[in-house]
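S.K.: Numbering (UniProt numbering), first residue to last: 1 to 221.
Virtual Cβ for every residue (Gly too), placed ideally from N, Cα, C.
1) Measuring CB to CB, does residue 119 end up less than 7 angstroms from residue 109?
2) Below 6 angstroms CB to CB, which residues in the same chain sit around residue 60 once its five sequence neighbours on both sides are set aside?
3) Short of 6 angstroms in beta carbon distance, which residues of its chain neighbour residue 91, apart from the five on each side in sequence? Order them along the chain.
4) Ignoring anything shorter than 4 residues or poking outside the UniProt domain "Reverse transcriptase" (1-154), list the alpha helix (DSSP H) runs there in chain order.
5) Quick check on residue 212: does DSSP put it in helix, strand or coil?
6) Which residue comes first and which comes last in the beta strand (DSSP E) that contains residue 203?
7) Would you call the CB atoms of residue 79 and residue 155 closer than 7 angstroms?
8) What residue range does the alpha helix (DSSP H) around residue 174 cover?
9) Whose C-alpha, out of 82, 116, 87, 86, is nearest the C-alpha of residue 98?
10) Mind checking residue 111: buried by the 16 CB within 10 Å criterion, or exposed?
11) Within this structure, are the beta carbons of residue 75 and residue 95 separated by less than 7 angstroms?
12) With 16 other CB atoms within 10 Å as the buried threshold, where does residue 104 fall?
13) Using only alpha-carbon positions, find the residue among 83, 207, 145 that is nearest to residue 15.
14) Considering only the beta carbon of each residue, do residue 214 and residue 197 sit closer than 7 angstroms?
15) By Cβ distance below 6 angstroms, which residues in the same chain neighbour residue 34 in space, the five residues on each side in sequence not counted?
16) Is it buried or exposed, residue 122, if we count other Cβ atoms within 10 angstroms and call 16 or more buried?
17) Tell me, please, whether the segment 133-152 touches the segment 38-55 by the rule of three or more beta-carbon pairs shorter than 8 angstroms.
18) Compute the minimum distance between the beta carbon of residue 116 and the heavy atoms of the ligand GTP, and state whether it is under 6 angstroms.
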């Protein structure tokens, strides 16, 4: 889960950073004849950059638990993607268009020969260590013949859309049901006294939830 604050008012006053994010199809043009891939996902990418001391107060937000300010770059700021893209391009500049692709906090290392992939991979890992940019190991994949990257499936012979991102009839139906549920929220009764409360709970590998219920009093006539 990522916290994203509504910074629309701040974003309207912010001078926009026009640093361009690359086109995904242009990035994939570099992968001709590549046969070995490793991908690295940086941990909480934006949070690895500190906010300047004088700008911390601008990130303030309020919750029922109090007033808070970010000391690291939060999600939701208009310039966050451009700033992070600029950083990653600067860090990886010696190796871009040679054996690495960078898209914000996603890194793909590719090699035309398996023998050279070890050297390429070590080079990028050493670089990230030197720059103190930390990866999320559970989302990293190494030494792959086929890799899922930026919504596509890439291998030596082809690049095609990742089927899990294709919108079809099943997704249309799920979206329709979701809108229906949001527009027809169930009735929630206010508590009536301190008695007759029941907690219903359930859990699975996907998540858990619980509901506090109370035996409803008879409707007034």
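M.R.: According to the data block:
1) no
2) 69
3) 131
4) 8-13, 24-28, 80-92, 114-130
5) strand
6) 197-203
7) no
8) 169-183
9) 116
10) buried
11) no
12) buried
13) 83
14) yes
15) 110, 112
16) exposed
17) yes
18) Of ligands this structure carries none, so the ligand GTP is not represented either.
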